[in-house]
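Q:
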Amino acid sequence: MLQDILQIIVSGASIGATYGLVGLGVVFLWLTISRINFANISSAMLAAYLFYTFYTLANLGFFLSFVFSVAIIALYGLGLRTFIYEPIRKRGGGRLEFVVATLMLCTFWLNLIIVTYGALPKPFPPVFGGSQDFVSLGGIRIPT
C-alpha cells in the first residue's frame, strides 16, 4: 500500500515538473511581453514528438536527436515571431488577436500530431542503455 502511494507521488512529481516547465514558459512570456502564448505549449509538444521521431524512427541516437529537435524548434520560434507575432504587433493587434493566433497554432499542431502519430501514448526505448524501462529504488519504479 505504501509502495503504491510512493509510486503515485513519484509519477505525479515527474508529470508535474513537466507541466511546471511549460507553465514557467507561459509566465515568462507574460512578464516580458504581457501576452499569453498558447503556441508555447504546442512548441513543447512538437519538440517532444520531433525527438521521438529522430530517436526511435530515424535511429539518430540521443545527442543528435536532441540537437536536431532543439534546432528545429528554434527555427520554428523564429518563424513564429517573423510571420505571426510581428505582423500582429505592427498592425496594432491587441491581446485578443495574439491569443487567437497562438490558440490556432496550438490547435493545428495538436491535430496534426494526432493524425500523424495517433492519440495514444508512444512506447519509448531506454535512453541510458540497458534493457530496463525503469530504475527501481526501494520498489518504486522511476521511468528512464
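Numbers 1352 to 1495, taken from our numbering, label the letters of the sequence shown in order.
We treat Cβ as the ideally placed atom computed from N, Cα and C, and that holds for glycine.
Do you know whose CA, among LEU1401, ILE1435, PHE1405 and ILE1439, lies nearest ILE1424's CA?
A: The option with the nearest alpha carbon to ILE1424 is LEU1401.
Q: If contacts are defined as beta-carbon pairs under 8 Å, then VAL1373 and ALA1395 qualify, I think. What distance do you get, rounded to the angstrom?
A: 5 Å
Q: Do THR1453 and PHE1389 have their CB atoms nearer than 9 Å?
A: yes
Q: Assign PHE1449 to buried or exposed, taking buried as 16 or more other Cβ atoms, counted over all protein chains shown, within 10 Å of its Cβ.
A: buried
Q: Can you grab the Cα-Cα spacing for the pair ALA1409 / LEU1463, in whole Å?
A: 19 Å
Q: Compare the Cα-Cα distances from ARG1446 to each of ILE1366, TRP1381, LEU1353 and GLY1412 and report the closest residue.
A: Cα-wise, what sits closest to ARG1446 is TRP1381.
Q: Please determine, among MET1352, GLN1358 and LEU1353, the residue with the shortest C-alpha to C-alpha distance to ILE1493.
A: GLN1358
Q: Just reading off the alpha helix (DSSP H) that MET1455 is part of, what are its end residues?
A: 1446 to 1468
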